[in-house]
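Peer 1: From first to last, the protein sequence lines stand for chains A and B. The first sequence begins at 1 in our numbering and counts up one residue at a time. The second sequence begins at 337 in our numbering and counts up one residue at a time. Before we start, here is the structure in question, set down as structure tokens.
There are 2 protein chains.
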Amino acid sequence: MKLATLKNGHKDGRLVVVSRDLRRAVDAADIAPSMLDAVERWTLTAPLLAQRYDALNAGTASHAFDFDPTAAAAPLPRAPQWCDGSAFLNHARLMEKAFDITPAPDSDRIPLMYQGGSDDLLGPHDDLPLPDESHGIDFEGEFGVIVGDVPLGCPPSMARDRILLLVQINDVSLRGFGPREMRTGFGFFQAKPSSSFAPVAVTPDEIGEAWQNARVHLDLAVEYNGRWFGDPNGREMNFGFDQLIAHAATTRRLTAGTLVGSGTVSNAGDTKGSACIAERRAIELIDQGASTTPFMRFGDRVRMEARWQDRPVFGVIDQRVVQSPPPLPFPVEGEA
Amino acid sequence: MKLATLKNGHKDGRLVVVSRDLRRAVDAADIAPSMLDAVERWTLTAPLLAQRYDALNAGTASHAFDFDPTAAAAPLPRAPQWCDGSAFLNHARLMEKAFDITPAPDSDRIPLMYQGGSDDLLGPHDDLPLPDESHGIDFEGEFGVIVGDVPLGCPPSMARDRILLLVQINDVSLRGFGPREMRTGFGFFQAKPSSSFAPVAVTPDEIGEAWQNARVHLDLAVEYNGRWFGDPNGREMNFGFDQLIAHAATTRRLTAGTLVGSGTVSNAGDTKGSACIAERRAIELIDQGASTTPFMRFGDRVRMEARWQDRPVFGVIDQRVVQSPPPLPFPVEGEA
Chain A
1 MKLATLKNGH KDGRLVVVSR DLRRAVDAAD IAPSMLDAVE RWTLTAPLLA QRYDALNAGT
61 ASHAFDFDPT AAAAPLPRAP QWCDGSAFLN HARLMEKAFD ITPAPDSDRI PLMYQGGSDD
121 LLGPHDDLPL PDESHGIDFE GEFGVIVGDV PLGCPPSMAR DRILLLVQIN DVSLRGFGPR
181 EMRTGFGFFQ AKPSSSFAPV AVTPDEIGEA WQNARVHLDL AVEYNGRWFG DPNGREMNFG
241 FDQLIAHAAT TRRLTAGTLV GSGTVSNAGD TKGSACIAER RAIELIDQGA STTPFMRFGD
301 RVRMEARWQD RPVFGVIDQR VVQSPPPLPF PVEGEA
Chain B
337 MKLATLKNGH KDGRLVVVSR DLRRAVDAAD IAPSMLDAVE RWTLTAPLLA QRYDALNAGT
397 ASHAFDFDPT AAAAPLPRAP QWCDGSAFLN HARLMEKAFD ITPAPDSDRI PLMYQGGSDD
457 LLGPHDDLPL PDESHGIDFE GEFGVIVGDV PLGCPPSMAR DRILLLVQIN DVSLRGFGPR
517 EMRTGFGFFQ AKPSSSFAPV AVTPDEIGEA WQNARVHLDL AVEYNGRWFG DPNGREMNFG
577 FDQLIAHAAT TRRLTAGTLV GSGTVSNAGD TKGSACIAER RAIELIDQGA STTPFMRFGD
637 RVRMEARWQD RPVFGVIDQR VVQSPPPLPF PVEGEA
């Protein structure tokens, strides 16, 4: 089943069911007004949504309409929580080598994860408004999952069954803030502005055998300003989403709608490119002694897509970095 | 004006107006079903809530009832975002001295802030379910604010006017995870289980001249197992809430309902005690060469209250640490 959220002026948006080929959609507000409501009551809503999905694919759903991904918000525009792992150790090792960082001795056993902001997640074609080109603007191509309620102490074996939907993410990063924020020990904050999401969230069965070991075994094709940048595969995750969820739930329960991310998809070897500029710059530094690929400038575009058997899965992220406008005095939009 | 959220089985709870003396309450669902909805539409809802507050205090509100703080959830049980500062440098300096940490050279200019989880914030009398006493269970007494929508790049002068409500917080911390999570650079995650909140959120005018320079100039009285632990005053914040909000909004906008915390309240000198065990242990280590106060055990209680002119403000946090139950197989509560 494939689901999306259309913008409707409310911060949680409006839930629609999307056809397998992403061409058509049908309203689902009578089943659940929002994606968040749907995942909160998944046992009740999922069978009804699946029924509507079948009708939509069969061409028998009434009031179906063309799906317009430019009208889509993030599947969860305001998620209860965003827990972003760094589960591809190939990426971590490259960064450590380039910047002479000593990894934690247990980093192959305990996943890295930071708590991100999730109050304002962006849609697949939304502009990325950022204040300053000198902040080291970067994209990060990731896969992620939306979970149901997860109890405190949930082991990986149980966590796998709490994965309701898969998503595809551009985890926008400002590399200029990273080193200082890491040194303080308090972790990323200004380094992580709002992330963006491909328009469609899918149940794991939608990618068949490409969902294996709680990993998304798909290439994530990344284009930067219209040119190939990388197409690393999600199968090389050193920690599966089941392990990432269990890590996040070690000391607290997670409420339904929590997003868990894989971290930048990254593969060993030199044929698959990278899913973020920082990694390419690290490789350049290691191989040639200097980083030559610049970070993003205003107007630059990034495109990310993962396909299964040459068919669309999550749809496309294709967005542009723009300079943010100066702040306006309040009352701001939505309050008056 | 004073507002609270009563538990009603939904994750956002039900909004009520509470009398100045915290004895009586009246429903406000016809104005806004939840605190989150109220702060999202504050320009519209605040005057109506203030009217009801006046009627409640005058004894003329219809259908008023006794306010029961044990039925209260956190004011925002599921907040869009929780940005916790560490704005009392006295606390930071003690921790640095005890553990031989070199502070960032610009730490008196750039506030420390981490992104916390906010999907499951606890009420003032909820038990704190935690898995293991050996994790170094600690409380942290803090003040905080709930903001309206804050634009990207909002300067402190504008940020001050975006503060809608003040809150009082127990930022629960697991000290055993902290050092490792700080060393990775990814920041606190397992070290920060769900935080708890005093029952009542108040507009800044409710504390008169004790709201000054975007700081809460009140003593925060902390009792641990029925004995005085500290009563540090909020006035010694080295960064005001206006500066913390501006810091958080440097690279992204903040949506209405974002919570910003002060970090552990901490005062210079040796008369005001501490608002967390870790700080007392640091002082013991510095003064006597060894920390003697143990972290919390299951069954231990912490109480926190701030009063203004000997009158209640936010109400009381009084809660107990308990061992979390083993995780149950799904479907979990709320799904069936």
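Where is the CB? At the ideal position from N, CA and C, for every residue including glycine.
#1: Taking the Cβ atom as the reference point for each residue, do G421 of chain B and V596 of chain B lie within a distance shorter than 8 Å?
#2: For the region 1-26 of chain A, list every residue whose C-beta sits within 7 Å of some C-beta in chain B, in sequence order.
#3: Considering only C-alpha positions, which residue in the set A:L122, A:D242, A:Q81 and A:D287 is nearest to N213 of chain A?
#4: Compute the Euclidean distance between the alpha carbons of E305 of chain A and F533 of chain B, then round it to the nearest angstrom.
#5: Quick check: the Cα distance between P33 of chain A and E478 of chain B, rounded to an integer number of angstroms?
#6: Sort out for me which residues DSSP pairs S196 of chain A with in a bridge.
#7: Can you have a look at P515 of chain B and say buried or exposed, based on whether 16 or more other CB atoms are within 10 angstroms of its CB?
#8: Name the residues in the region 248-269 of chain A whose C-beta lies less than 9 Å from a C-beta of chain B; which are they?
#9: Closer than 9 Å, Cβ to Cβ, to anything on chain B: give me those residues from the region 91-124 of chain A, in chain order.
#10: Quick one: using the 10 Å Cβ neighbour count with 16 as the cut-off for buried, is T406 of chain B buried or exposed?
#11: Counting only runs that start and end within the region 359-422 of chain B, where is the alpha helix (DSSP H) found for 4 or more residues in a row?
#12: Show which residues of chain B have a CB atom less than 7 Å away from the CB atom of T184 of chain A.
#13: May I ask you to report which of helix, strand or coil DSSP gives D149 of chain A?
#14: By the 10 Å Cβ neighbour count, where 16 or more other Cβ atoms means buried, how is E181 of chain A classified, buried or exposed?
#15: Tell me which residues share the same chain as A61 of chain A and place their Cβ nearer than 7 Å to its Cβ, disregarding the 5 neighbours each side in the sequence.
#16: Taking only the alpha-carbon atoms, compute the straight-line gap between R551 of chain B and N603 of chain B and give it to the nearest angstrom.
#17: Let me check understanding here. Comparing Cα to Cα, which of A:V322, A:A79, A:K11 and A:M1 lies closest to L48 of chain A?
#18: P465 of chain B touches chain A at which residues, Cβ-Cβ below 8 Å?
#19: Taking the alpha carbon of E96 of chain A as the point to measure from, which residue in A:K192, A:E279, A:G226 and A:P129 has its own alpha carbon closest?
#20: Straight-line CA distance for L128 of chain A to C276 of chain A?
#21: Please list, in chain order, the chain A residues whose beta carbon lies closer than 8 Å to that of L510 of chain B.
#22: Just curious, the beta strand (DSSP E) that F241 of chain A is in, first and last residue?
#23: Are the CB atoms of A394 of chain B and V536 of chain B nearer to each other than 8 Å?
#24: By the criterion of Cβ-Cβ separation under 7 Å, what are the contact partners of P80 of chain A in chain B?
#25: With a threshold of 7 Å on Cβ separation, who are the neighbours of F634 of chain B within its own chain once the five nearest residues in sequence on each side are excluded?
#26: I'd like to know if the region 485-496 of chain B and the region 573-587 of chain B are in contact, where contact means that at least 3 CB-CB pairs between them fall below 8 Å.
#27: Can you name the residues that DSSP bridges to T5 of chain A?
#28: Taking only beta-carbon positions, decide if P663 of chain B is within less than 8 Å of chain A.
#29: List the whole-angstrom C-beta distance separating V18 of chain A from F65 of chain A, where the pair is believed to meet the contact cut-off of C-beta under 8 Å.
#30: Within the continuous beta strand (DSSP E) that includes R356 of chain B, where are the two ends?
#31: In chain order, which beta strand (DSSP E) runs of at least 3 residues are fully inside the region 621-667 of chain B?
#32: With a cut-off of 8 Å, does the C-beta of G297 of chain A fall near any C-beta of chain B?
#33: Near Q526 of chain B, which residues of its chain fall below 8 Å by C-beta distance, leaving aside the five closest residues on each side in sequence?
#34: Alpha carbons only, please: which of B:V652, B:D456 and B:Q504 is nearest the one belonging to L761 of chain B?
#35: Can you give me the start and stop residues for the beta strand (DSSP E) that E223 of chain A sits inside?
#36: Given a threshold of 16 other Cβ atoms within 10 Å of its Cβ, counted over all protein chains shown, does P568 of chain B qualify as buried or as exposed?
Peer 2: Taking the structure as given:
#1: yes
#2: K11
#3: A:D242
#4: 42 Å
#5: 36 Å
#6: A:L122 and A:N170
#7: exposed
#8: A248, A249, T250, T251, R252, R253, L254, T255, A256, G257 and T258
#9: I101, P103, A104, D106, S107, I110, L112, M113, Y114, Q115, G116, G117, S118, D119 and D120
#10: exposed
#11: 371-376 and 378-394
#12: A440 and L448
#13: coil
#14: buried
#15: V26, R52 and A55
#16: 14 Å
#17: A:M1
#18: L152
#19: A:E279
#20: 16 Å
#21: T251
#22: Careful: F241 of chain A lies outside any beta strand (DSSP E), inside the alpha helix (DSSP H) at F241 to A248.
#23: no
#24: R414 and D455
#25: E469, V657, V658 and Q659
#26: yes
#27: A:L15
#28: yes
#29: With 8 Å as the limit, V18 of chain A and F65 of chain A do not qualify as a contact, their Cβ atoms being about 11 Å apart.
#30: Element bounds for R356 of chain B: n/a, residue is neither H nor E.
#31: 637-641 and 653-659
#32: Note that residue 297 of chain A is Arg in the sequence shown, not Gly. Not one chain B Cβ lies under 8 Å of R297 of chain A.
#33: L510, F513 and E517
#34: Residue 761 of chain B lies beyond the range of chain B shown here (337 to 672); nothing can be said about it.
#35: A221 to Y224
#36: buried
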